[in-house]
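Below you'll find the structure, written out as structure tokens, and then a few comments.
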Amino acid sequence: MLRSLLLGCLAALPLLGAGALSAQEPTRHIQHQPYLDLRRYYLGLRIGLHSRDLLLRPSGLSDHEGRVLIPQSPDYQPGFSIGVIGGLTLTPGLELRLVPTLHLGSVSVSYTDGLSEQLRTHPRSSSLQLPLELKWGLRRGNIRPFLLTGLYTDIELGGRQSDLLRLRPLSYGWSSGLGCDLYFSRFKLSPQLSLHYGLGDALLRDRPELEGDRRRYYTEAIAHARARMLLFSLSIE
């Protein structure tokens, strides 16, 4: 599913750019908002769809029945994203951006004994992400392809004490992506595809509420969990 979403998003970017070019064909000599990218500061709005999963490494521990269950993230859970953009122009073509974004969704974790699935759970994964990123691109007419990369902090908003698995309330990672700015007479539209990759263990280990509870095994069966997310978004300025 992730591969299909990635290929679909990549295919959509040149189609959007081609559509903007064809719409502007009769007035190709007109460059919309030629001084827009010379602003020192700017604001924008971003909405998008994302797909999340966890990269899991099993610990090899056995449960109370002597079974060694293997954790895995079997599919990619879709979700919705909305955020705001605050940008600072460093030099023409290079920008520093802070993009607080709310991601609403969940992840999927299943446990198998090597033959069949024994249990599946869906930890809540709604978070406020604070990415600080660099955006670089060169304008050609009314289209500006760009690349971006940066670091982010993730503040987890979902999860309950009764959940089988819980994610850390605070985590961090890096992101990278590509997209293009499409310049129109009154606004700028920017389709963008980005990958977000966690750098630490995403699973909450300190669970005193599960002390002496057999459900604690499902946390201990995972040696390390790394969060990943693919985000396709549209920004407007």
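Mapping the sequence shown onto our numbering, position 20 (from 1) lands on 1056, and the numbers just tick up by one. Ideal Cβ positions, reconstructed from N, Cα and C, are used throughout, including at glycine.
Per DSSP, reduced to three states, the secondary structure at Arg1082 is strand.
Counting of Cβ neighbours within 10 angstroms places Ser1212 among the exposed residues, the total staying below 16. For the pair Leu1092 and Ser1109, the Cα-to-Cα distance works out to about 7 angstroms. With contacts defined as CB atoms closer than 8 angstroms, Thr1255 and Arg1241 qualify as a contacting pair.
A distance below 8 angstroms separates the beta carbons of Thr1137 and Arg1082. When beta bridges are read from the DSSP output, Gln1113 appears opposite Arg1088. By the Cβ neighbour-count rule, Leu1174 is exposed, with fewer than 16 other Cβ atoms within 10 Å of its own. Residue pairing by DSSP puts Gln1108 in a beta bridge opposite Ser1146. Assigned with DSSP and collapsed to three states, Asp1242 falls in coil, not helix or strand. Its chain contains Pro1094 and Thr1148 as the residues whose beta carbon lies nearer than 6 angstroms to that of Ile1106, once the 5 sequence neighbours on both sides are disregarded; these appear in chain order. In this structure, Lys1224 keeps its C-beta atom at 8 angstroms or more from the C-beta atom of Glu1169. Burial check for Tyr1112: the Cβ neighbour count within 10 Å reaches 16 or more, so the residue is buried.
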